[in-house]
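Numbering (the numbering used here), first residue to last: 556 to 1065.
Each residue gets a CB set at the ideal place from its N, CA and C atoms; glycine is no exception.
Because the structure is a prediction, the values reported are computed rather than measured.
Before any comments, here is the structure.
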């Protein structure tokens, strides 16, 4: 009853009669989770994104008019709708922001969180625009959210909420394979994406490409193998690539090898879990894993799978895990000494209250906006290397692009060429064996002629994308003597500006 009353009060307090009133209220919202590390005078999320943009704009080739165009949000949809809970009506608030339509469709996740507000959605959609550009994914930026705590709703209620929000998107033309394509985010996953896809299909039965209206779906509904772990894998690829740069090795006083590198990860959701798995699999020591209530720490390394299993079997908490020290003040583990710190939770986790205490040599932003502008400067002045969010966590949208392309082609990756590749390699191998006079075992032959499966092609495409984007960022940073965030954003701005200049405008000029 208390949570129902809270929802009713929250819905009533946000009732407005125009976008201006809504914006004023929504932009003032904040939560304890995103304010623990920040001072009161530090900018909120959207303003922080704009400050980083302004800093990078000075190093771009775009004109002042084009910069204004790129920076502004194109469209924002705000909806409210009633849902019955425990026999009473609760008003639900949802948002969808389309930051830029310079390339279509717009692309970005939908999150379920009681902390969702208009400011957060606009900021995240802006980051999606820059993220897509920096990794050469041909989408504009979008983002959406529903202001609920999914833990307080049953599965049937969540389905009704998801389908009703999708209906609102359909009615307002804010969803479609060529218009706006959502994906999973905080509090959502393949289940919710399946509900969205089915609702869209029922309202658009003639759309043969309807499966491409959303990504992050289950395989049975047209998903792609490798999407679940994509963001975490992209984080691993990005950190690995930066550690290979001699200038980064010199700054960190690091060998450049993943093997033996100590890693602390904040957040043990999808991104944090998979990032931890890939780092561990390649020889890194996961010394700390931070959740919202407690953290697990072991300087000799934590077994990631054992910790995940413990949490699953013990009410979703690390408490009592025998092979690590449980820290009751989880934010303090952000300050632990380590080679690599991966904030993979929420925005504004490193601010002016803790930036000077961070001892990590490299900070890889797996979350969106985890470092405030002032903290960014403190960290860099203290010698830390920062790999920015718009580059490092782009693995999710990259593989979403692959899923979208798969849905439009109606063809599984590898289906047309896998066996042909295997036969070609088998013929070549037989020729080599004949000349060498040394036949291989059957196991060796199968390993050598194996044709790529879908997930292997996805991994390969993601790895190539991250390597190219990391090296482009490095080249710009070195050429202009600027930090990696500014370099990545400057590259992104230049690519968007080139797209806008190439397409022109039929309404801007007389």
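Does residue i come out as helix, strand or coil in the three-state DSSP assignment?
i, result
"residue 578", "Confidence in residue 578 is poor, its pLDDT being 34 and thus under 50, which makes the residue's placement unreliable; the coordinate value appears in the next sentence. Residue 578: helix per DSSP, three-state reduction."
"residue 727", "coil"
"residue 735", "strand"
"residue 1018", "helix"
"residue 632", "strand"
"residue 817", "strand"
"residue 626", "helix"
"residue 840", "strand"
"residue 1048", "helix"
"residue 585", "Here residue 585 scores only 40 on pLDDT, less than 50, and its place in the model should not be relied on; the value that follows carries that caveat. Reduced to three states, the DSSP call for residue 585 is coil."
"residue 790", "helix"
"residue 888", "helix"
"residue 990", "helix"
"residue 760", "coil"
"residue 706", "helix"
"residue 900", "coil"
"residue 1067", "With the chain covering 556 to 1065 only, the question about residue 1067 has no answer from this structure."
According to DSSP, what are the bridge partners of residue i?
i, result
"residue 917", "895, 940"
"residue 741", "Partner(s): none; residue 741 has no beta bridge."
"residue 695", "661"
"residue 700", "650, 666"
"residue 951", "Answer is none; residue 951 lacks a bridge partner."
"residue 880", "852"
"residue 644", "639"
"residue 857", "None; residue 857 has no bridge partner."
"residue 845", "821, 850"
"residue 905", "926"
How many Å lie between residue i and residue j at the Cα?
i, j, result
"residue 657", "residue 844", "39 Å"
"residue 1038", "residue 938", "11 Å"
"residue 655", "residue 682", "10 Å"
"residue 717", "residue 666", "11 Å"
"residue 730", "residue 907", "39 Å"
"residue 754", "residue 721", "7 Å"
"residue 620", "residue 861", "54 Å"
"residue 751", "residue 903", "30 Å"
"residue 601", "residue 670", "14 Å"
"residue 1051", "residue 697", "15 Å"
"residue 1053", "residue 871", "47 Å"
"residue 692", "residue 685", "10 Å"
"residue 558", "residue 672", "The pLDDT assigned to residue 558 is 39, lower than 50, so where the model puts this residue is not dependable; a value taken from the coordinates is nonetheless given after this. Their Cα atoms are separated by approximately 19 Å."
"residue 763", "residue 725", "16 Å"
"residue 640", "residue 712", "8 Å"
"residue 1055", "residue 1045", "15 Å"
"residue 606", "residue 680", "15 Å"
"residue 1058", "residue 703", "39 Å"
Answer yes or no: do residue i and residue j have a C-beta to C-beta separation smaller than 8 Å?
i, j, result
"residue 695", "residue 662", "yes"
"residue 950", "residue 1021", "yes"
"residue 955", "residue 738", "yes"
"residue 1048", "residue 603", "no"
"residue 889", "residue 858", "no"
"residue 781", "residue 1005", "no"
"residue 940", "residue 818", "no"
"residue 676", "residue 700", "yes"
"residue 828", "residue 891", "no"
"residue 789", "residue 995", "no"
"residue 901", "residue 918", "no"
"residue 840", "residue 815", "yes"
"residue 614", "residue 1041", "yes"
"residue 803", "residue 715", "no"
"residue 1013", "residue 779", "yes"
"residue 801", "residue 771", "no"
"residue 741", "residue 767", "no"
"residue 948", "residue 920", "yes"
"residue 598", "residue 928", "yes"
"residue 787", "residue 832", "yes"
"residue 836", "residue 820", "no"
"residue 834", "residue 792", "no"
"residue 1043", "residue 983", "no"
Just checking: is the beta-carbon of residue i within a distance shorter than 8 Å of some beta-carbon in chain C?
i, result
"residue 935", "This model lacks chain C altogether, as it is built from one protein chain only."
Under 8 Å by Cβ, that's how I've got residue i and residue j pegged, so tell me the actual separation to the nearest angstrom.
i, j, result
"residue 849", "residue 874", "6 Å"
"residue 651", "residue 635", "Not a contact, Cβ separation roughly 13 Å."
"residue 923", "residue 944", "5 Å"
"residue 942", "residue 794", "7 Å"
"residue 912", "residue 807", "Rounded, the Cβ-Cβ distance is 18 Å, inconsistent with contact."
"residue 899", "residue 822", "4 Å"
"residue 608", "residue 591", "Wrong, their Cβ atoms sit about 25 Å apart, outside the cutoff."
"residue 973", "residue 1007", "7 Å"
"residue 749", "residue 785", "18 Å between Cβ atoms; not a contact."
"residue 897", "residue 926", "Contact doesn't hold; Cβ gap of about 12 Å is too wide."
Taking 7 Å as the cut-off, is the beta-carbon of residue i closer than that to any non-hydrogen atom of the ligand MG?
i, result
"residue 704", "Looking for the ligand MG in the displayed structure turns up nothing, as the structure carries no ligands at all."
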